[in-house]
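This report concerns only the one structure given below.
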Amino acid sequence: MTTDAAAILGAGGDSREARGGGRGGEARAISVVSAAHFVQHFQSLVLPPLFPFLKATLGIGFVELGFALTVASITAVAAQLPVGFLVDKVGSRLMLVLGLALSAAAGHSVTTIEGLSADRQHPLQQAWIDEQVPQCGYCQSGMIMAAAALLAAIKRPSDADIDNAVTNICRCGTYARVRNAIHAAVART
Ligand code: FES
Numbered sequence: 047m048t049t050d051a052a053a054i055l056g057a058g059g060d061s062r063e064a065r066g067g068g069r070g071g072e073a074r075a076i077s078v079v080s081a082a083h084f085v086q087h088f089q090s091l092v093l094p095p096l097f098p099f100l101k102a103t104l105g106i107g108f109v110e111l112g113f114a115l116t117v118a119s120i121t122a123v124a125a126q127l128p129v130g131f132l133v134d135k136v137g138s139r140l141m142l143v144l145g146l147a148l149s150a151a152a153g154h155s156v157t158t159i160e161g162l163s164a165d166r167q168h169p170l171q172q173a174w175i176d177e178q179v180p181q182c183g184y185c186q187s188g189m190i191m192a193a194a195a196l197l198a199a200i201k202r203p204s205d206a207d208i209d210n211a212v213t214n215i216c217r218c219g220t221y222a223r224v225r226n227a228i229h230a231a232v233a234r235t
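Residue 47 is where the sequence shown starts when you use my numbering, and the numbers rise one by one after that.
Here you go:
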């Protein structure tokens, strides 16, 4: 029986009985931890086949869905060890309150290339096509999103602004075309 399992049940006493009532309490704690663990892994298996339905229902793309699942998985893996350590140290109730507070504060959104426009008609996407920017294409989603962030901050960026803001690496060397496409997108708006 680990102390974090007892903590999940909300018991903070020193004795085994206080932590959950001896072997009965341990069994309940192990059941709760096992159920939570099962749910966590089950959703990782169940969600990808549901992506086509989620895509239509939520109105977002496969890239965004995959990104969300990846972030959730990485966060779960990265947070398990330190959070387990903190639960043992400060107790489960405080950690639960902190977790809820962090969730409430995390109202930030992430936009991917599929969120830029529903029909690929965004001025940047059109300019990218007109200027034939992509070569292998590997870096181009990131290039366009960096350009979109730049234009959100500076309406008519100079070459220096572009060089400072769009620092993505392109192994095909499309930097000059990227610059031209950004200026072309500005001219379209
Ligand atoms: S277009 Fe090939 S890496 Fe940028």
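Idealized CB from N, CA, C, for every residue including glycine.
Taking one beta carbon from each stretch, the stretch 123 to 133 and the stretch 160 to 177 have fewer than 3 pairs nearer than 8 Å; the two do not touch. Relative to ligand 1, the nearest heavy atom lies less than 6 Å away from the CB of R217.
Around the C-beta of H87, fewer than 16 other C-beta atoms lie within 10 Å, and the residue is accordingly described as exposed. Apart from sequence neighbours up to five positions away, the residues of its chain that approach E110 with a beta-carbon distance below 7 Å are T158, E160, G161, ordered along the chain. V212 sits close to A193, with the two beta carbons spaced by under 7 Å. At the C-beta level, W174 and A233 stay beyond 7 Å of one another.
Distances taken from the Cβ of Y221 to the heavy atoms of ligand 1 include none shorter than 6 Å. With a beta-carbon spacing of about 7 Å, Q171 and I190 fall inside the 8 Å limit used to define contacts.
Annotation for C216: C185 place their beta carbon closer than 6 Å to its own, counting only its chain and skipping 5 residues before and after.
The Cβ atoms of N214 and G188 sit closer than 7 Å to each other.
Note that the C-beta distance between A222 and P169 is not below 7 Å. Within the stretch 101 to 183, the alpha helix (DSSP H) runs of at least 4 residues that lie entirely inside it are, in chain order, 108 to 136, 138 to 151, 169 to 176.
Distances taken from the Cβ of Q181 to the heavy atoms of ligand 1 include one shorter than 6 Å.
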